[in-house]
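Student: When you line the sequence shown up against the UniProt record's numbering, it's residues 1 to 146, in that order. Supplied in structure tokens, the structure appears directly below.
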Amino acid sequence: MPSRLPFLKGPIVSIEDDEDDQFLLAQVVKKLGIANEVRFFTNGLVALQYFETTSEQPFLILCDINLPIMNGLELRKRINQSDYLRQKSIPFVFLTTAASPDIIREAYRESVQGFFQKASDYVSYQNQIKLIFDYWQTSLHPNRFV
């Protein structure tokens, strides 16, 4: 019988400037019974400052592409440029409405771990969040052993 993997307790970090989308994510996480706290940041620069200074090990980053001050792709590049942040091995997933082939290619050039176009209805969005959470909850990756 396989051993049960430990529950990853760090926060889910959402970088999303739309308040309605923040509210929707918070409601879906609650409805799914996900115990992880959700931390919201409205632009990439504020999120980057949090990642550079926190002693927490976030469980997952869910990031929009179109953000003020520093967009999601710029944030991902800055994380990749930092030895400290790369070593944190925080799963980075884009969850966005901006999903052109060029943007998707650029995201994967920056070693993003997932790219999802936001579902347009509540049930499909809830299923997306469950899929993403379940995958990273059961996946083996370096921050599981921190």
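Cβ atoms here follow ideal geometry from the backbone N, Cα and C, with glycine treated the same way. Being a predicted model, the structure only gives us computed values, none of them experimental.
CB-CB under 6 Å to Phe51, same chain, minus the five flanking residues each way: which ones, in chain order?
Tutor: Residue numbering aside, residue 51 sits at position 51 when the sequence shown is read from its first letter. For Phe51, where only same-chain residues beyond five positions count, the Cβ hits under 6 Å are Leu85.
Student: Buried or exposed: Ala107, going by 16 or more other Cβ atoms within 10 Å of its Cβ?
Tutor: As a position in the sequence shown, residue 107 is number 107, starting the count at 1. Label assigned to Ala107: buried.
Student: Are the segment 119–136 and the segment 69–76 in contact at 8 Å, needing three or more beta carbon pairs?
Tutor: no
Student: Assign Thr138 to one of three DSSP states: helix, strand, or coil.
Tutor: Residue numbering aside, residue 138 sits at position 138 when the sequence shown is read from its first letter. Three-state DSSP puts Thr138 in a helix.
Student: Would you check if the distance between the CB atom of Asp121 and the CB atom of Thr96 is smaller than 7 Å?
Tutor: For the purposes of this step, residue 121 is identified with residue 121 of the sequence shown, where counting begins at 1. For the purposes of this step, residue 96 is identified with residue 96 of the sequence shown, where counting begins at 1. Pairing Asp121 with Thr96 gives a Cβ-Cβ distance that is not under 7 Å.
Student: Buried or exposed for Leu140, going by 16 or more other Cβ atoms inside 10 Å?
Tutor: In the sequence shown, residue 140 corresponds to position 140, counting from 1. Exposed: under 16 other Cβ atoms inside 10 Å.
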